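J.: Numbering (my numbering), first residue to last: 4 to 274.
All residues carry an ideal CB built from backbone N, CA and C; glycine is no exception.
If you're wondering where the values come from, they're calculated on a predicted model, not measured in any experiment.
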């Protein structure tokens, strides 16, 4: 990502339906996997209760970008955002000074915390990494037994468009290419599904039109643009509404979404 794309993220991620819907899904999955401790980080800090702080669930948000997910989850978890780009790191730290951010690479630059983390997040990161398989294998190697890895990434190469080019994506994922990321590693697959499935037909048409035009439909070379508030609210409700089914898939009570703009997986390290 370059400065124009970071500008888009920083301007939109607290209000845009796509970011908010994605957060709702991530929040629902985390609450099912790692219910927050009864003592929240900000309560702990105000009292100086270091014993309770150590009992908080620890998440590492790998490739946290401009920090929105890290800040959102910090309401209920202890979260460390790790961002390799100076632009993204500076924006995250400037926007959310109460949160913990590290400028560097996971796992090596947060090795001690990484080895203790209850959950590792890779949210729209893998598509930016050329050797994605080696990267995922390295993360899994350094996770503690029982820790969860939650990954979300763009799905379906038929949706490839100028939006992907602007974000410097290497790929969009099909189910088989996504599963190859953890094949041969000591993990249990708890969830593998698409999401943003209810809006898939609209996205498909939009991406097809943009490919024909040779340009994106939003700011900074992307397809991200703020719709009128009522439409934004409707789209957010539609996307966030998929969280309930995804939790049921996690519980083995429902079938995964077969098509979607995004693919999501939850893994648990064996041991």
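Could you pull out every residue in the same chain whose Cβ sits closer than 8 Å to the Cβ of residue 238, ignoring the five residues on either side in sequence?
T.: As a position in the chain shown, residue 238 is number 235, starting the count at 1. Cβ within range, chain order: 20, 21, 24, 202 and 230.
J.: Quick check on the burial criterion: 16 or more other C-beta atoms within 10 angstroms. Buried or exposed for residue 49?
T.: What you label residue 49 is simply residue 46 of the chain shown in a count that begins at 1. Summary for residue 49: the model assigns pLDDT 44, below 50, so the residue's position carries little reliability, and this model does not support an answer.
J.: Once you ignore the five residues that flank residue 99 on each side, which residues in its own chain have a CB closer than 6 Å to its CB?
T.: Here residue 99 refers to the residue found at position 96 when the chain shown is read from its first residue. Same-chain partners within the cutoff: 70 and 74.
J.: Going by DSSP, what residues sit across from residue 151 in a beta bridge?
T.: The count along the chain shown starts at 1 and reaches residue 151 at position 148. In DSSP, residue 151 forms a bridge with 122 and 271.
J.: Got a sec, what are the start and stop residues for the alpha helix (DSSP H) residue 106 sits in?
T.: For the purposes of this step, residue 106 is taken as the residue at position 103 of the chain shown. No alpha helix (DSSP H) contains residue 106, which is instead part of the beta strand (DSSP E) from 103 to 106.
J.: When the Cα of residue 38 is compared with those of 112, 76 and 91, which residue comes out closest?
T.: Residue numbering aside, residue 38 sits at position 35 when the chain shown is read from its first letter. It is 76 whose Cα lies nearest to the Cα of residue 38.
J.: When DSSP builds the beta bridges, which residues end up paired with residue 198?
T.: Numbered from its first residue, the chain shown carries residue 198 at position 195. DSSP lists 265 as partners of residue 198.
J.: Just to confirm the assignment, what range does the beta strand (DSSP E) spanning residue 65 have?
T.: In the chain shown, counting from the first residue as 1, residue 65 sits at position 62. Where residue 65 is concerned, the enclosing beta strand (DSSP E) stretches over 61 to 65.
J.: Considering only the alpha carbon of each residue, which of 186, 93 and 97 lies closest to residue 138?
T.: As a working note, residue 138 is residue 135 in the chain shown. Residue 186 holds the alpha-carbon nearest to the alpha-carbon of residue 138 among 186, 93 and 97.
J.: Starting from residue 84, follow the beta strand (DSSP E) in both directions and report where the run begins and ends.
T.: As a first step, residue 84 must be located in the chain shown, where it is residue number 81. In the DSSP assignment, residue 84 falls within the beta strand (DSSP E) that extends over 81 to 86.
J.: So if DSSP puts residue 192 in a beta bridge, which residue, or which two residues, is it bridged to?
T.: Position 189 of the chain shown, counting from 1, holds the residue named residue 192. Answer by DSSP bridge pairing, in chain order: 270.
J.: Using a Cβ-Cβ cut-off of 7 Å (strictly less than) and excluding sequence neighbours within five positions of residue 148, which residues of its own chain qualify?
T.: Working through the chain shown from its first residue, we reach residue 148 at position 145. Correct list, in chain order: 272, 273 and 274.
J.: Would the C-beta of residue 174 count as close to the ligand FAD, meaning under 7 Å from any of its heavy atoms?
T.: By its list of ligands, the structure shown contains no ligand whatsoever, and the ligand FAD lies outside what it can speak to.
J.: Residue 259: buried (16+ other C-beta within 10 angstroms of its C-beta) or exposed?
T.: One-based indexing of the chain shown puts residue 259 at position 256. So residue 259 counts as buried.
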